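Quick note on my numbering: the sequence shown kicks off at 34 and runs consecutively.
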Amino acid sequence: MGKGITGLDRTQLSCLVEMVLGDTEISLAPRILGPLAAVRSTLMYLRTNTSQEAIAEIMGVSQPTISRAISVVTRIIARVLGPVLATVEEVPHGGVHIIDGTLLPCWSWKDRTDLWSGKHKRTGLSLQVLVSPAGRLRWASDPLPGATHDTKAITTSGLLEEIDPSCCIADKGYIGTGVLTPYKKPPNSELTKAQKQANKSLNEIRYVVERTIAHIKSWKILAHDYRRPLHTFKETITATLALYAYTNPRITFIIMIRCEAQFESN
34 MGKGITGLDR TQLSCLVEMV LGDTEISLAP RILGPLAAVR STLMYLRTNT SQEAIAEIMG
94 VSQPTISRAI SVVTRIIARV LGPVLATVEE VPHGGVHIID GTLLPCWSWK DRTDLWSGKH
154 KRTGLSLQVL VSPAGRLRWA SDPLPGATHD TKAITTSGLL EEIDPSCCIA DKGYIGTGVL
214 TPYKKPPNSE LTKAQKQANK SLNEIRYVVE RTIAHIKSWK ILAHDYRRPL HTFKETITAT
274 LALYAYTNPR ITFIIMIRCE AQFESN
């Protein structure tokens, strides 16, 4: 099972399996699979969003077995790799940041009308993403219901209380938060040539956050309707974001050290 299926190369997979084995909850995973197959099954699910029935057929076990493995291993990955994701307090205070929001789609639950995003015309959870000008993921917010507007989401996160908003670039959805946004066309008027050029320059810079979000969503579990129970979505998002950081070639040495330290403490 290669990197195209699991998202990890052989070394990364081996290291992750060791970290998972170091967590006591691995004893809850189906014994018929074994730790390596349980991790591979979970990675296949997160990376490709393949149905549990199809994974079960590939692995030669039942669908409930795969479901249990995914449930256990996803929780473990979120726990052992979670420290690679920066908290609000750990976001660098210097330099320029680019912010954008994205919707992580899920099924439409009848009792959760707050999941409906009028902007995206579908249900899901809203995620705020902060990147460097080079496109490196610096921070991601806790997910909020899809109906949450970007301005409320970024304000609720506390990020703009930790860093200088004027050092952040975002789209017009963040007007009023203090971050740098494109000029808005005034009523019954036109933007000046200088304003249009400024908007063009900002949009060229903003492209990197859109590219990073697209790379994050190459883990297809975040790109298509989430099918497991809604209460498990947050830990799945954490696990998948952590895997993105863990496997991304731009990951820093200090993040790898934090992963190892987390493993040794278990």
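Using N, Cα and C, we set each Cβ at its ideal position, and we do this for glycine too. Keep in mind that this is a model prediction, so the values were computed, not measured.
- Item | Helix, strand or coil at Arg171 [DSSP, three-state] | For this step, residue 171 is matched to residue 138 along the sequence shown. Strand at Arg171.
- Query: Which residues bound the beta strand (DSSP E) around His248?
  - Reply: The count along the sequence shown starts at 1 and reaches residue 248 at position 215. Here His248 belongs to no beta strand (DSSP E); instead the alpha helix (DSSP H) covers 226–249.
- To the nearest whole angstrom, what separates the beta carbons of Val50 and Leu69, a pair I think is in contact under 8 angstroms? As a working note, residue 50 is residue 17 in the sequence shown. As a working note, residue 69 is residue 36 in the sequence shown. Confirmed, about 6 angstroms.
- Message: What does the alpha-carbon distance come out to for the pair Thr22 and Asn221?
- Response: The first residue shown for the chain is 34 and the last is 299, placing residue 22 beyond what the model contains.
- Query: Which of the three DSSP states, helix, strand or coil, is assigned to Arg260?
  - Reply: The residue given as residue 260 occupies position 227 in the sequence shown. DSSP places Arg260 in coil when its eight states are reduced to three.
- Item | Element boundaries [alpha helix (DSSP H), containing Gly67] | Here residue 67 corresponds to residue number 34 of the sequence shown, with the count starting at 1. Element bounds for Gly67: 67–81.
- Excluding five sequence neighbours on each side, which residues of the same chain lie with their C-beta closer than 6 angstroms to the C-beta of Ile288? Reading the sequence shown from its first residue, position 255 is the one you call residue 288. Model confidence at Ile288 stands at a pLDDT of 43, short of 50, so the residue's coordinates are unreliable; what they give is reported in the following sentence. Excluding positions up to five away in sequence, the list reads Val117.
- Message: Going by DSSP, what residue range makes up the alpha helix (DSSP H) through Val50?
- Response: Stepping through the sequence shown from its first residue, residue 50 is reached at position 17. Element bounds for Val50: 43–54.
- Task: Provide the residue(s) that pair with Ile110 in DSSP beta bridges, ordered along the chain.
- Result: Within the sequence shown, the letter at position 77 stands for residue 110. Its beta-bridge partners do not exist; DSSP assigns none.
- Return helix, strand or coil for Thr57, following the three-state DSSP convention. In the sequence shown, the residue the question calls residue 57 occupies position 24. Residue state, collapsed to three classes: helix.
- Measure the beta-carbon distance from Ala137 to Trp252 and round it to whole angstroms, keeping in mind my assumption that it falls under 8 angstroms. Residue mapping note: residue 137 aligns to position 104 of the sequence shown, counting from 1. Residue mapping note: residue 252 aligns to position 219 of the sequence shown, counting from 1. The displayed chain sequence assigns Leu, not Ala, to residue 137. That pair is no contact at about 10 angstroms.
- Query: Relative to the ligand NAP, is the shortest distance from any of its heavy atoms to the C-beta of Thr273 smaller than 8 angstroms?
  - Reply: Absence of the ligand NAP is noted for the structure shown, with no ligands found whatsoever.
- Query: Residues bridged to Arg155 by DSSP?
  - Reply: In the sequence shown, counting from the first residue as 1, residue 155 sits at position 122. The partner list for Arg155 (beta bridge, DSSP) reads Ser150.
- Taking three-plus beta-carbon pairs below 8 angstroms as touching, is the stretch 77–96 in contact with the stretch 249–265? yes
- Message: Per the DSSP calculation, Gln161 is bridged to which residue(s)?
- Response: Within the sequence shown, the letter at position 128 stands for residue 161. The partner list for Gln161 (beta bridge, DSSP) reads Gly134.
- Query: Taking the alpha-carbon positions, what's the Ser141 to Thr156 distance?
  - Reply: Along the sequence shown, one-based indexing puts residue 141 at 108. Along the sequence shown, one-based indexing puts residue 156 at 123. Going from the Cα of Ser141 to the Cα of Thr156 covers about 6 angstroms.
- Could you spell out where the alpha helix (DSSP H) holding Lys217 opens and where it closes? Here residue 217 corresponds to residue number 184 of the sequence shown, with the count starting at 1. Careful: Lys217 lies outside any alpha helix (DSSP H) and carries neither H nor E.
- Query: So what does Pro63 bridge to, in DSSP terms?
  - Reply: Within the sequence shown, residue 63 is the residue found at index 30, counting from 1. In DSSP, Pro63 forms no bridge with anything.
- Are the Cβ atoms of Val162 and Val242 separated by less than 9 angstroms? Position 129 of the sequence shown, counting from 1, holds the residue named residue 162. Position 209 of the sequence shown, counting from 1, holds the residue named residue 242. Yes, the Cβ-Cβ distance between Val162 and Val242 is below 9 angstroms.
- Task: Could you tell me which residues DSSP pairs with Pro178 in its beta bridges?
- Result: Taking the sequence shown and counting its residues from 1, one reaches residue 178 at position 145. Paired residues: Leu158.
- Where Ile59 and Arg171 are concerned, what is the direct C-alpha to C-alpha distance, given to the nearest angstrom? Sequence index remark: in the sequence shown, residue 59 carries index 26 (1-based). Sequence index remark: in the sequence shown, residue 171 carries index 138 (1-based). C-alpha separation (whole angstroms): 30 angstroms.
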